[in-house]
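Heads up: the structure comes next, in structure tokens.
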């Protein structure tokens, strides 16, 4: 049976959101067990529902890797060490992103052959059920072609097993669609992909087309560019939603208009909200590691827990090893 | 008197859009003269209004720099050579972007001390009259800190004289707001900006905040990242507008809603449309060079002509030289 280790502390909404998420998740997933790690006194509602491991300390949101590694009794470190000891299949936290990703990498170590871990996420696009996956979306500041080649494997596996896309099409993020365009890194990487004949590699793609073209399943990029791409999309979507809200509040007529149009327009601001996916997956380390958003509510955290389950069911670590060995 | 040299050919809408733009522009700007370059027989409507220089050949949209340089009788090359000979203050074209930028750089040469030319554009944000300037947004594939330092000067001048922002605040595009975060290039560049005490430098900024924070006037980045940022914003804005349209077409009720809300929502898709600025400015070369969008209509092309006028009035080339010498 799949066992998910949950760091219940450290998010913006404290244990309240995570406890509710665990309760809902267990209700809907009777084939999964949970180990809840955190302040025992805050986890009383979970008694009898799942295993509870007491951890008195909470990692602050601003903590870096070294801070986390030093806090041996924090819920984050206790959870990571439980995974390292093989007590579960995956770990999830909504605490400090930098602290969690770095201490997870140091604690769990890399999978054999993997050069760098990558952060992978996806956002809902175009039609319901269709997701755009970005890999790496921010674990690294700098990468080389060999690392990007591995990211493509990892992104493709994510797209296949989290987004349920059968044969995901992979593109390299660039400043133009032609093979000979791009930064020096992209040019070299494109050559490597062509030489090694990466399965279903479709070539380079501009950021605009990556957003608009429904054919794009996976965008591969270094972590710095992935962060810029993802955050530009997020900021613009938020900005447009704000404009829309203001537009409907303009006067009495537009307010009436909203009442009539509500059914159509209400979902728009949720669209493209990559937070609805719940979290991002750190791929390449020796364990399933999901970073839920710091401001996750119960719904978001539950969505992120589902990622752990899917990844564990898909036996993702073995699949990454196989891909890397090819 | 300011004199603008116009390549009237090579855009998606041919000479029709540019001729109309010139007519409108001259009506509203009696302190500017125009030299219209193109097929004489297509410019008959401009007779008596401005100087006409015949150029029989048209550069195709796909032309690269070498193609353009070889087409001595093309309207693009004739226009560039007129500027080189000092026959005008600036040149504008809506033909092939790559071909125009590269042949402009080769023909006009760089301003003394400038390491690389940068493409600068801006898009309307937040409140009307507020613009976000991006420099370099795509002229380069790779840059070093010294080049980015010069881009900051050029971006700031653009923001001041095109966007009318008195003392523009400059940020470095990065994957976090802290000075010590970013790609190796960003980290080095941040250090250089701090050491040299760049006027009104505010530090690093994430793409999300660059879009959302009204304090940001100028975002400095290498051309590759600038392209990804700008195109991600453009794609997302377009995607959201499409969703909105579909939402209003959902059923009879939402259609009625649109009629009531029209006044508010109609302008949204125009917001963030960086095309409404008309074009991008190539800064750093020895001449004012504006690239209007390939699909410019008369209104867009006229907007782009205004950029040439403002830049000439501001004596931008001297100002860049002064900034670079500091």
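Chains as they are written, first to last, in my numbering: chain A, 1 to 326; chain B, 327 to 652. Beta carbons are placed, not taken as given, at the ideal position from N, Cα and C, and that holds for glycine. In this text, all values refer to a predicted model and were calculated from it rather than measured experimentally.
*Looking at residue 564 of chain B and the ligand ZN, is the gap between the Cβ and the nearest heavy atom below 7 Å?*
Looking for the ligand ZN in the displayed structure turns up nothing, as the structure carries no ligands at all.
*Decide if residue 18 of chain A is buried, meaning its Cβ has at least 16 other Cβ atoms within 10 Å, or exposed.*
Locating residue 18 of chain A in the first chain gives position 18, where the first residue counts as 1. Buried, since its Cβ has 16 or more Cβ neighbours within 10 Å.
*For residue 389 of chain B, return the contacting residues in chain A, with the cut-off set at a CB-CB distance below 9 Å.*
Against the second chain, residue 389 of chain B aligns to sequence position 63. Result: empty, since nearest Cβ-Cβ is about 14 Å, beyond 9 Å.
*Are the C-beta of residue 256 of chain A and some C-beta of chain B separated by less than 8 Å?*
Residue mapping note: residue 256 of chain A aligns to position 256 of the first chain, counting from 1. Yes, its Cβ sits closer than 8 Å to a Cβ of chain B.
*What does a CB cutoff of less than 7 Å around residue 355 of chain A pick up in its chain, not counting 5 residues either side in sequence?*
No answer is possible for residue 355 of chain A: it lies beyond the span of chain A, which begins at 1 and ends at 326.
*Let me know the beta strand (DSSP E) ranges lying completely inside the segment 273–308 of chain A, each 3 residues or longer, listed in chain order.*
279–283, 288–292
*Given residue 200 of chain A, which residues of its chain have a CB within under 7 Å of its CB, disregarding the five upstream and five downstream residues?*
For the purposes of this step, residue 200 of chain A is taken as residue 200 along the first chain, with counting starting at 1. Answer for residue 200 of chain A: 167, 168, 169, 170, listed in chain order.
*Span of the beta strand (DSSP E) holding residue 482 of chain B?*
In the second chain, residue 482 of chain B corresponds to position 156, counting from 1. Careful: residue 482 of chain B lies outside any beta strand (DSSP E), inside the alpha helix (DSSP H) at 471–487.
*Rank B:544, B:404, B:574 by C-alpha distance to the C-alpha of residue 592 of chain B and give the top, closest one.*
What you label residue 592 of chain B is simply residue 266 of the second chain in a count that begins at 1. Considering only alpha carbons, the answer is B:574.
*Using beta-carbon positions only, say whether residue 238 of chain A and residue 499 of chain B come within less than 8 Å of one another.*
For the purposes of this step, residue 238 of chain A is identified with residue 238 of the first chain, where counting begins at 1. For the purposes of this step, residue 499 of chain B is identified with residue 173 of the second chain, where counting begins at 1. Contact: no.
_For residue 9 of chain A and residue 68 of chain A, I'd like the C-alpha separation in whole angstroms._
Taking the first chain and counting its residues from 1, the one referred to as residue 9 of chain A is at position 9. Taking the first chain and counting its residues from 1, the one referred to as residue 68 of chain A is at position 68. Roughly 13 Å between the two C-alpha positions.
*Which of helix, strand or coil does DSSP assign to residue 92 of chain A?*
The residue given as residue 92 of chain A occupies position 92 in the first chain. In the structure shown, residue 92 of chain A sits in a strand (DSSP, three-state: E or B).
*If I'm right that residue 74 of chain A touches residue 53 of chain A with Cβ under 8 Å, what's the distance once you round it to whole angstroms?*
As a working note, residue 74 of chain A is residue 74 in the first chain. As a working note, residue 53 of chain A is residue 53 in the first chain. Between residue 53 of chain A and residue 74 of chain A the Cβ distance is about 12 Å, and since that is not below 8 Å, they are no contact.
*asked:* At the level of alpha carbons, what is the spacing between residue 82 of chain A and residue 293 of chain A?
replied: By 1-based counting over the first chain, the position of residue 82 of chain A is 82. By 1-based counting over the first chain, the position of residue 293 of chain A is 293. Cα to Cα, the separation comes out at about 22 Å.
_Please report the straight-line C-alpha distance between residue 79 of chain A and residue 561 of chain B, rounded to a whole angstrom._
Here residue 79 of chain A refers to the residue found at position 79 when the first chain is read from its first residue. Here residue 561 of chain B refers to the residue found at position 235 when the second chain is read from its first residue. When rounded, the distance between both Cα atoms is 40 Å.
*Could you tell me the distance, in whole angstroms, from the CA atom of residue 474 of chain B to the CA atom of residue 505 of chain B?*
Within the second chain, the letter at position 148 stands for residue 474 of chain B. Within the second chain, the letter at position 179 stands for residue 505 of chain B. Rounded to the nearest angstrom, the two C-alpha atoms are 16 Å apart.
*List, in order along the chain, the chain B residues whose C-beta lies closer than 8 Å to that of residue 236 of chain A?*
The count along the first chain starts at 1 and reaches residue 236 of chain A at position 236. Near residue 236 of chain A (Cβ distances below 8 Å), the residues of chain B are 537, 558, 559, 562, 563, 566, 598.
*Looking at residue 357 of chain B and residue 402 of chain B, is the spacing between their C-beta atoms short of 8 Å?*
Position 76 of the second chain, counting from 1, holds the residue named residue 402 of chain B. Position 31 of the second chain, counting from 1, holds the residue named residue 357 of chain B. Contact: no.
*Among A:85, A:134, A:116, which has the Cα closest to the Cα of residue 123 of chain A?*
Numbered from its first residue, the first chain carries residue 123 of chain A at position 123. With distances taken between Cα atoms, residue 123 of chain A lies closest to A:134.
_Could you give the first and the last residue of the continuous beta strand (DSSP E) run that contains residue 54 of chain A?_
As a position in the first chain, residue 54 of chain A is number 54, starting the count at 1. Where residue 54 of chain A is concerned, the enclosing beta strand (DSSP E) stretches over 51–54.
*Can you find a CB in chain A that lies within less than 8 Å of the CB of residue 655 of chain B?*
Examination of residue 655 of chain B is not possible in this model, given that chain B is present from 327 through 652 alone.
*asked:* I'd like to confirm the pairing. Which residues does DSSP put opposite residue 7 of chain A in its beta bridges?
replied: Taking the first chain and counting its residues from 1, the one referred to as residue 7 of chain A is at position 7. In DSSP, residue 7 of chain A forms a bridge with A:37.
*Report the residue from B:521, B:523, B:515, B:540 whose alpha carbon sits nearest the alpha carbon of residue 530 of chain B.*
Here residue 530 of chain B refers to the residue found at position 204 when the second chain is read from its first residue. For residue 530 of chain B, the nearest C-alpha among the options comes from B:515.
*Is it the case that the Cβ atoms of residue 434 of chain B and residue 410 of chain B are separated by a distance below 8 Å?*
In the second chain, residue 434 of chain B corresponds to position 108, counting from 1. In the second chain, residue 410 of chain B corresponds to position 84, counting from 1. Taking 8 Å as the Cβ cut-off, residue 434 of chain B and residue 410 of chain B qualify as a contacting pair.
*asked:* When you compare the CB positions of residue 360 of chain B and residue 352 of chain B, do they come within less than 8 Å of one another, or not?
replied: Within the second chain, numbered from 1, the residue matching residue 360 of chain B stands at position 34. Within the second chain, numbered from 1, the residue matching residue 352 of chain B stands at position 26. Cβ atoms of residue 360 of chain B and residue 352 of chain B: closer than 8 Å.
_Can you tell me whether residue 532 of chain B is helix, strand or coil according to DSSP?_
Stepping through the second chain from its first residue, residue 532 of chain B is reached at position 206. Strand at residue 532 of chain B.
*Mind listing the chain B neighbours of residue 193 of chain A? Cutoff is C-beta to C-beta under 7 Å, in chain order.*
For this step, residue 193 of chain A is matched to residue 193 along the first chain. What residue 193 of chain A touches in chain B: nothing, since even the nearest Cβ is about 18 Å away.
*Within its chain, find whatever has a CB closer than 8 Å to the CB of residue 320 of chain A; leave out the 5 residues flanking it on each side and keep chain order.*
Residue mapping note: residue 320 of chain A aligns to position 320 of the first chain, counting from 1. Same-chain partners within the cutoff: 111, 114, 153, 154, 157, 283, 284.
_beta strand (DSSP E) segments (min. 3 residues) lying fully within the segment 524–580 of chain B_ = 527–532, 544–546
*Alpha carbon to alpha carbon, what distance is there between residue 208 of chain A and residue 342 of chain B?*
Counting from one through the second chain, the residue named residue 342 of chain B turns up at place 16. Counting from one through the first chain, the residue named residue 208 of chain A turns up at place 208. Rounded to the nearest angstrom, the two C-alpha atoms are 28 Å apart.
*Cross-chain neighbours of residue 170 of chain A in chain B, by beta carbon under 9 Å*: Numbered from 1 along the first chain, position 170 holds the residue referred to as residue 170 of chain A. Here the premise fails: no neighbours, minimum Cβ distance about 17 Å.
*Under a Cβ-count criterion, where at least 16 other Cβ atoms within 10 Å of its own Cβ denotes burial, should residue 578 of chain B be classed as buried or exposed?*
As a position in the second chain, residue 578 of chain B is number 252, starting the count at 1. Answer is exposed; the Cβ neighbour count stays below 16.
*Which residue's Cα is closest to the Cα of residue 218 of chain A: A:325, A:165, A:191?*
Reading the first chain from its first residue, position 218 is the one you call residue 218 of chain A. Nearest of A:325, A:165, A:191 to residue 218 of chain A, Cα basis: A:165.
_Once DSSP output is grouped into helix, strand and coil, what is the label at residue 450 of chain B?_
Working through the second chain from its first residue, we reach residue 450 of chain B at position 124. If DSSP states are grouped into helix, strand and coil, residue 450 of chain B belongs with the strands.
*Would you give the residue range spanned by the alpha helix (DSSP H) that residue 192 of chain A belongs to?*
Residue 192 of chain A sits at position 192 when you count from the first residue of the first chain. Looking at the DSSP string, the run of the alpha helix (DSSP H) that includes residue 192 of chain A is 184–196.
*asked:* Taking only three categories from DSSP, how would you classify residue 105 of chain A?
replied: The residue labelled residue 105 of chain A in the question sits at position 105 within the first chain. In the structure shown, residue 105 of chain A sits in a helix (DSSP, three-state: H, G or I).
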